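As structure tokens, the structure follows; a few thoughts come after it.
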Amino acid sequence: MSFRSVPLLLWLFGVAPTASSLTLHAALEEARDRAPTLAPARAQEGVARGEVALARTFAPLTLSLGGGGNDPRWTVGLTQRLPFPGARAARIDAAELALRGASEERRASEASVRAEARRAYFTLVRSRRLVDSSQRALMLARESESAATLLFATGAAPELDLLQARIARASADVQVLTCQGDVTAASAALALLLGRAPTETLSPLDVAPPELPSLDAVLARATGSPVAAARQADVAAAEATLRATRRERWPVPTVGVAVEADGPGGRSAFLRGALGLELSLPGLGRGETVRAGANLELARARENEALLSRQSELVAAHARLAAALAGWRRYVAEILPDVERTERMALEGYRAGRSPRVALNAALQVASDTRTRAIEAAFAAQVAFADLELAAGVPLDES
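Under our numbering, the first residue of the sequence shown carries the number 2, and numbering increases by one thereafter.
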């Protein structure tokens with residue numbers, strides 16, 4: 002049986018999941034659809050879509066009306082400012098590329114929320130498993146107290162043993178209460194990501210960490226990540242903006258046509274055409290072009306920085322995941338199977354008078370600490386996988 006085929010909950014505590022449990026897949030889907038942190042990215046995508054519509058809009062047509070006692074008696078004219086050939090197309094191209102970048106940024110935000118939701122999901126899993134572990138420790142502490150009470154009553158153990166047993170049981174009780182509070186806090190944090198009420202009780206389903214993907218496969222998938230695509234779109238949009246600003250420095254024509262009337266009563270009408278040119282003075286008016294060129298250099302620098310940073314983060318995250326999975330598997334395969342047996346042996350030895358109280362206390366404490374470390378190891382593996390997905394920018398498993 003593989004590690005992925007059996008829920009970790011069964012390995013650690015032997016408890017089957019309930020049918021009402023919140024699955025990881027469902028949590029990730031809810032976070033993608035309803036996480037409040039995605040609203041700004043989606044709104045920014047809408048703004049970029051509006052910029053495309055604005056770039057497609059022509060300058061408004063100007064209607065002029067005039068009249069007076071002198072010739073011409075009255076005039077009716079229309080004027081239209083026309084962009085230099087190719088400038089409008091370049092502006093539209095830049096706006097569409099900016100929209101593509103905003104869409105990729107929204108997808109990158111969804112990938113970030115996915116990693117955050119996975120981390121919050123397994124934070125709640127860890128908190129619930131720590132409750133289970135502390136309740137088991139409390140059960141054993143009560144059994145130990147009962148044994149100490151019986152041995153003290155028969156004169157086989159000193160009162161010190163009974164006092165130590167009572168202290169251990171009370172401490173275990175306090176630990177249960179602390180862990181239950183952590184469950185409430187972790188549940189509220191996950192509910193916020195899922196767009197649910199923070200008072201809603203969530204029951205996550207504990208599962209084994211995914212298998213370790215190969216580093217080459219992760220690097221290959223990361224090349225098509227939304228972040229990489231967004232940086233490429235930013236460079237392309239900056240190039241299109243620079244082309245537009247250069248073409249807009251050419252003379253911009255404004256054409257017009259008017260009907261003028263003069264003579265007695267304005268009975269003689271004439272058609273008049275006009276052409277105006279907006280000219281940029283040589284050596285002046287280059288501010289927007291200079292700014293567009295600087296923005297292009299900035300976009301290229303950001304693209305290169307993102308590429309190098311992503312590769313470094315992927316290598317580091319992959320190494321952390323490999324180490325976390327190796328440690329977790331050691332607990333599952335070699336350590337945890339002997340923990341329960343050790344607890345029982347120590348308790349039975351104390352009851353039979355074969356071992357002192359100090360040996361029982363040490364055995365129970367070691368077993369409790371070992372279970373806690375196993376839970377933390379499983380959580381570390383899940384968080385490491387979330388970090389790897391975040392660095393890659395794309396999902397790496399079927400969840």
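All residues carry an ideal CB built from backbone N, CA and C; glycine is no exception.
Given the structure is predicted, the values throughout are model-derived calculations rather than measurements.
Beta-carbon to beta-carbon, ARG273 and ALA295 are separated by about 44 Å, too far to satisfy the 8 Å threshold.
Contact between the segment 51–68 and the segment 194–207 is absent: fewer than 3 CB-CB pairs across the two stretches fall below 8 Å. In the structure shown, the three-state DSSP call for GLY68 is strand. In the structure shown, SER147 falls within a helical segment according to DSSP collapsed to helix, strand and coil. Counting the other Cβ atoms within 10 Å of the Cβ of GLN176 gives 16 or more, which makes it buried. Exposed is the label assigned to PHE59, since fewer than 16 other Cβ atoms lie within 10 Å of its Cβ.
Looking at the DSSP output, THR202 shares a beta bridge with no other residue. The segment 185–204 and the segment 112–131 touch, with no fewer than 3 CB-CB distances between them shorter than 8 Å. Residue pairing by DSSP places THR76 opposite GLY67, GLU261 in a beta bridge. One alpha carbon belongs to ALA138, the other to ALA166, and they sit about 12 Å apart. Per DSSP, the unbroken beta strand (DSSP E) holding GLU279 starts and ends at 269–279.
Only exposed fits THR155, as fewer than 16 other CB atoms lie within 10 angstroms of its CB. At a Cβ-Cβ threshold of 8 Å, PHE380 and ARG129 do not count as neighbours. Straight across, the Cα-Cα distance linking LEU163 with ALA149 is about 5 Å. Per the DSSP secondary-structure output, LEU23 pairs in a beta bridge with PRO205. The straight-line gap separating the alpha-carbon atoms of SER110 and ALA42 is approximately 7 Å.
In the displayed model, ARG247 falls within a helix according to three-state DSSP. In the three-state reduction of the DSSP assignment, PRO254 falls in the strand class. Between the alpha carbons of ALA231 and ALA99 lies a distance of about 9 Å.
Residue environment for ILE93: buried (at least 16 other C-beta atoms within 10 angstroms of its C-beta). In this structure, the straight-line span from the alpha carbon of VAL219 to that of LEU161 is close to 59 Å. Non-local C-beta neighbours of ARG33 in its own chain, meaning closer than 7 Å and more than five positions away in sequence, comprise GLU111, VAL114, ARG115, ordered along the chain. Bridge pairing for ARG82: THR255 [DSSP]. Sequence-distant partners of SER226 (beyond 5 residues in either direction) whose C-beta falls short of 8 Å from its own C-beta, in its chain, are ALA109, ALA112, ARG311, ALA393, GLY394, VAL395. DSSP places THR38 outside any alpha helix (DSSP H), giving it a letter other than H or E. Comparing alpha carbon positions, the residue from ARG331, ALA88, GLU117 closest to GLU31 is GLU117. With the rule of 3 Cβ pairs closer than 8 Å, the segment 293–309 does not count as touching the segment 334–353. No Cβ-Cβ contact shorter than 8 Å links SER135 with ILE376. Excluding its 5 nearest sequence neighbours in each direction, ALA293 has C-beta neighbours in its own chain below 6 Å: THR242, LEU243, THR246, listed in chain order. The shortest C-alpha to C-alpha distance from ALA56 to any of ALA88, ALA44, PRO73 is the one to ALA88. Between the alpha carbons of LEU326 and ALA171 lies a distance of about 35 Å.
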